[in-house]
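These notes are about the structure you will find just below.
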Amino acid sequence: MHNFSLTVKSVHDVVVITPRGYVNDLGAETLEHTSEEYFGQGRKKIVINFSDMQFINSIGVSILTGIVQKAREHDGLLCFSNVKKIHSDVFEMLGITRHVKVFKEEVDALCFLRG
Amino acid sequence: MPFTALREEDFLGRREELAALMGRSLDAANGAGRPLVLTGAAGVGKTELLSQLCAQLFWKQDRVAPFRYTVNAALLSAKDFARDFLTQFVCQRIAFDSRDQSLLSPAGMSLDALAAAAQERRASWAHELLAHYDASAREPLDALRNALAAPHLAALRSGKPVVLLIDEFPRLTGLHRDGTGETQLAPLFEAFLVLPMTRWIVTGNETELLEMPLTAGFERFPVMPLGDQDAAALFSSLRRRHPDPDVSLPASLARHLHGNPRYLNLLAAAAGPRALTEERDFWAVYLQEALQGGIFRHGTALLTRAFSDRDARRKALLILETLSRSDETLTRHRIAQAARLQDDDAESLLQSLHRAGFVAGAFGLYRTPDDAVVRDVTESLIARELHRRSFEDVERTVRGRLPAGAEKAVSYELVLPGMRDAELVAAQCLEQIGKNVPLPPEIVGQLQVALLEACINAREHGDEPAGNVFVRFEVGTDRIVISVESPGREFVPLETGEPVVGIRESGRTGRGWGIKLMKNFVDAVTFEKTPRGTRVVLVKNLLKPTNAHKEGIQSGA
Chain A
1 MHNFSLTVKS VHDVVVITPR GYVNDLGAET LEHTSEEYFG QGRKKIVINF SDMQFINSIG
61 VSILTGIVQK AREHDGLLCF SNVKKIHSDV FEMLGITRHV KVFKEEVDAL CFLRG
Chain B
1001 MPFTALREED FLGRREELAA LMGRSLDAAN GAGRPLVLTG AAGVGKTELL SQLCAQLFWK
1061 QDRVAPFRYT VNAALLSAKD FARDFLTQFV CQRIAFDSRD QSLLSPAGMS LDALAAAAQE
1121 RRASWAHELL AHYDASAREP LDALRNALAA PHLAALRSGK PVVLLIDEFP RLTGLHRDGT
1181 GETQLAPLFE AFLVLPMTRW IVTGNETELL EMPLTAGFER FPVMPLGDQD AAALFSSLRR
1241 RHPDPDVSLP ASLARHLHGN PRYLNLLAAA AGPRALTEER DFWAVYLQEA LQGGIFRHGT
1301 ALLTRAFSDR DARRKALLIL ETLSRSDETL TRHRIAQAAR LQDDDAESLL QSLHRAGFVA
1361 GAFGLYRTPD DAVVRDVTES LIARELHRRS FEDVERTVRG RLPAGAEKAV SYELVLPGMR
1421 DAELVAAQCL EQIGKNVPLP PEIVGQLQVA LLEACINARE HGDEPAGNVF VRFEVGTDRI
1481 VISVESPGRE FVPLETGEPV VGIRESGRTG RGWGIKLMKN FVDAVTFEKT PRGTRVVLVK
1541 NLLKPTNAHK EGIQSGA
């Protein structure tokens, strides 16, 4: 998995996950496990910052829909930020943006989540 | 009955499919198999493949008996169909035992004459079938059941399984009890399709086949277009008696013809004794053929068959014009508005156009088909029937859209190992090509998404787990063509773009989305068979706005 990594930081009660590189099946599963872990700990607010995501494939997107589903099951709030135009087109095309709030910048997502 | 329309030397590029179908047919000797449906574009060679398979089964093995039948539109009352089906079956089955071709054309043969022929050849099973049928012949549905049961009973009595090769299968939706057309009898077939010691292999119009509830449980066997090399070889073979047998079909034209043997045959016939020395000679023949020759007449006949009424035909052409001018996927409502039709009217016309192959799409979203020849024929139909334009005028318009720059394209080739993430190398390569050309970053991004999916599919569906994937980029002034080739032939070109469940071990969905992404981010996606396996070709028009197709965006919004 040299082509994928992710970093996590906490900003008050919000968890910000930043995937890097290629989000394929394995990358997306790592992203899924990480977000699940935080939801499991009772953290309700997660931002996924896509600024460093270079590519995503269709399996990666299908796993992202699983994360959206998990957020709902945990009554969590999931936001996307810094989504490049091409990835935004992919998300829109596959219907994922109907179920998640998308912000231009991470700071906008944080403002929204912190009320 | 001749088995084949083509000489064996002209049946090119189908060795693999034929071997696979032979294997499936011989499996019938081991018990029942799921019925198989051959799918593929009109003219791609499904009927010929069925005929070649029949010839091989007839002459080159003795384990299963072939039965080749074409559903006749004029014999769709239960009684007529039953008699024709039974007569042809018995004749072909007896012919197989004695390899006697004289019995393969039973036209006009009475049941008594057939019974005598059976007796002469000591085919007691045939005698039994005919007697059984004769006793039930007064009641059409009993006659139909007895005729359909005949292959199974013959297999039981003789110990030899039967492979039924049925062409024009969708015509069975018109099967009726007694000429009133009120009773749909196709469901009656269901019980006979899975009987032991029989294997059904059917084909016909792809759209109609897939719409039949009867074929829902059939295994699909896609017959793909010929690759460039096979297409060129077929064209040369068809023209071998002409003065220029060594001149190859230009790759740009081979691709334009979509590897379709019907077009290649018509083009070769149209060229006649004319010398084809330069690329423009080929294109001139093509334009003549597509805009007013045999290919055009074939398109006209399809339109006439779909719309016998003049008013309906005019409305259908208005719809085609709307789609052709918009160059994107449209909803039924938008099409109806643009063509000034009622929604219901438009829907019914669109469905007929879809069945006839003039439009593509699914779930209420429609677009022009990927087949460039159909688009050219459509252009000619619209121009001549709606606008009364001259051939010269139409030719000028279509000529302007032809891939003139394709031959001047710069190409790059890349071999990817069948390893995880190897597709990233192709995507990075594309990025550099984009800088060299240069291409707008948005186009590069869209192509990268489509390319990643094509490479992953090639790797996942390849026959050999570690097989190489061959990627070729052809960059012209007007378009970029990316072909991704792999050793496998299991790539199924789904139209819907809905996810395919259960392909991955984890049971995740998503691979069908890959095809949806490809179709939305490039202008044409085609699936071809090649000597090496399967090729997916992605074509992006560089002269158009960079927007992705609207299909997915609309359906996802």
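In order, the protein sequence lines correspond to chains A and B. With this note's numbering as the guide, the letters of the first sequence map in order to residues 1 to 115. With this note's numbering as the guide, the letters of the second sequence map in order to residues 1001 to 1557. For each residue, glycine too, the CB sits at the ideal point set by N, CA and C. Here the structure is a predicted model, which is why all the values come from computation and not from measurement.
Could you list which residues in chain A have their beta carbon closer than 8 Å to that of N1260 of chain B, in chain order?
In chain order: nothing, as chain A lies at least about 29 Å away.
Option nearest G945 of chain B by Cα separation, candidates B:R1389, B:T1368, B:R1024 and B:A1268:
Because chain B spans 1001 through 1557 in this model, residue 945 of chain B falls outside it and cannot be assessed.
Can you list the alpha helix (DSSP H) stretches of 4 or more residues lying completely in the region 1231-1279 of chain B, in chain order?
For the region 1231-1279 of chain B, the full-length alpha helix (DSSP H) segments reaching 4 residues or more read 1251-1256 and 1261-1271 along the chain.
Compute the Euclidean distance between the alpha carbons of E1321 of chain B and R1314 of chain B, then round it to the nearest angstrom.
Cα-Cα distance, rounded: 10 Å.
Straight-line CA distance for D25 of chain A to L1253 of chain B?
One alpha carbon belongs to D25 of chain A, the other to L1253 of chain B, and they sit about 39 Å apart.
What did DSSP end up calling T97 of chain A once you bin it into helix, strand or coil?
Under the three-state reduction of DSSP output, T97 of chain A falls in the helix class.
For the beta strand (DSSP E) containing Q54 of chain A, list its first residue and its last residue.
Taken as a continuous stretch (DSSP letters only), the beta strand (DSSP E) holding Q54 of chain A covers M53 to I56.
Using the Cβ count rule (16 or more neighbours within 10 Å means buried), how would you classify W1125 of chain B?
Buried, since its Cβ has 16 or more Cβ neighbours within 10 Å.
May I ask you to report which of helix, strand or coil DSSP gives R1504 of chain B?
Low confidence applies here, because R1504 of chain B scores a pLDDT of 36, under 50, leaving its location unreliable and the question unanswered by this model.
Which chain A residues sit within Cβ distance under 9 Å of E1328 of chain B?
Result: empty, since nearest Cβ-Cβ is about 14 Å, beyond 9 Å.
Would E1453 of chain B count as contacting chain A if we go by Cβ distances under 7 Å?
It does; some Cβ of chain A falls within 7 Å.
Within the 7 Å Cβ cut-off, does S58 of chain A reach chain B?
Residue-level contact by beta carbon holds for S58 of chain A and chain B, with a gap shorter than 7 Å.
Grouping DSSP H, G and I as helix and E and B as strand, with all else coil, what is F1081 of chain B?
In the three-state reduction of the DSSP assignment, F1081 of chain B falls in the helix class, which pools H, G and I.
Ordered list of beta strand (DSSP E) runs contained in the region 1006-1070 of chain B, each at least 3 residues
Under the rule that a run must span 3 or more residues, the beta strand (DSSP E) segments found entirely inside the region 1006-1070 of chain B read 1036-1039 and 1065-1070.
S1352 of chain B - DSSP class collapsed to helix/strand/coil
The answer is helix: DSSP assigns S1352 of chain B an H, G or I state.
If you follow the alpha helix (DSSP H) that D1393 of chain B is in, where does it begin and where does it stop?
Where D1393 of chain B is concerned, the enclosing alpha helix (DSSP H) stretches over F1391 to R1401.
Using a Cβ-Cβ distance under 7 Å, would L77 of chain A count as near chain B?
The beta carbon of L77 of chain A sits no closer than 7 Å to any beta carbon of chain B.
Rounded separation between R1565 of chain B and A1306 of chain B - CA only
Because residue 1565 of chain B is not part of the residues shown, which for chain B are 1001 to 1557, the question remains open.
Residue interval of the alpha helix (DSSP H) (run including N1436 of chain B)
Per DSSP, N1436 of chain B belongs to the alpha helix (DSSP H) from E1423 to N1436.
Classify G1476 of chain B as buried or exposed, calling it buried when 16 or more other Cβ atoms lie within 10 Å of its own Cβ.
Here G1476 of chain B is buried, its C-beta having at least 16 other C-beta atoms within 10 Å.
Grouping DSSP H, G and I as helix and E and B as strand, with all else coil, what is F1358 of chain B?
F1358 of chain B: coil per DSSP, three-state reduction.
Would you call the region 1070-1090 of chain B and the region 1137-1148 of chain B in contact, with 3 or more CB pairs under 8 Å?
Result yes; three or more Cβ-Cβ pairs closer than 8 Å.
Completely contained beta strand (DSSP E) runs for the region 19-81 of chain A, where each covers 3 or more residues
For the region 19-81 of chain A, whole beta strand (DSSP E) runs of length 3 or above, ordered along the chain, are 45-49, 53-56 and 77-81.
Got a sec: is the Cβ-Cβ distance from I86 of chain A to anything in chain B below 7 Å?
For I86 of chain A, the nearest CB of chain B lies under 7 Å from its own CB, placing it at the interface with that chain.
Reference L1517 of chain B; option with closest CA among A:S5, A:H33, A:G60 and A:A28
Nearest option by C-alpha distance: A:G60.
Going along chain C in order, which residues have a C-beta closer than 9 Å to the C-beta of V102 of chain A?
No chain C appears in the structure shown, which is made up of the protein chains A and B.
Per-residue DSSP class, three states only, for N1541 of chain B:
Note: N1541 of chain B maps to strand in three-state DSSP.
Within 10 angstroms of the Cβ of S1506 of chain B, are there 16 or more other Cβ atoms? Answer buried if so, exposed if not.
Model confidence at S1506 of chain B stands at a pLDDT of 39, short of 50, so the residue's coordinates are unreliable; what they give is reported in the following sentence. Under this definition S1506 of chain B is an exposed residue.
Kindly indicate which three-state DSSP category F1221 of chain B falls into: helix, strand or coil?
The three-state reading of DSSP puts F1221 of chain B in strand, counting E and B together.
Hey, is D1421 of chain B's beta-carbon within less than 7 Å of any beta-carbon in chain A?
Yes, because at least one Cβ of chain A sits closer than 7 Å to the Cβ of D1421 of chain B.
If you count every other CB in all the chains shown that lies within 10 Å of the CB of G1497 of chain B, and 16 or more means buried, which is it?
Low per-residue confidence applies at G1497 of chain B: pLDDT is 37, beneath 50, and the placement is therefore not dependable, though the value from the model is reported in the following sentence. Buried: at least 16 other Cβ atoms inside 10 Å.
With E1139 of chain B as the anchor, note down where its beta strand (DSSP E) starts and where it stops.
Careful: E1139 of chain B lies outside any beta strand (DSSP E) and carries neither H nor E.
Taking 7 Å as the threshold (beta carbon to beta carbon), is N1265 of chain B in contact with chain A?
With 7 Å as the cut-off, N1265 of chain B does not count as an interface residue toward chain A.
Contact set between N1578 of chain B and chain A, taken where Cβ atoms lie within less than 7 Å
Outside the modelled stretch of chain B, which goes from 1001 to 1557, sits residue 1578 of chain B, for which no answer is possible.
So for D1370 of chain B, helix, strand or coil by DSSP?
Coil, per DSSP.
List, in chain order, every chain A residue whose beta-carbon is nearer than 7 Å to that of V1437 of chain B.
Within 7 Å Cβ-Cβ: nothing; V1437 of chain B doesn't reach chain A, min ~18 Å.
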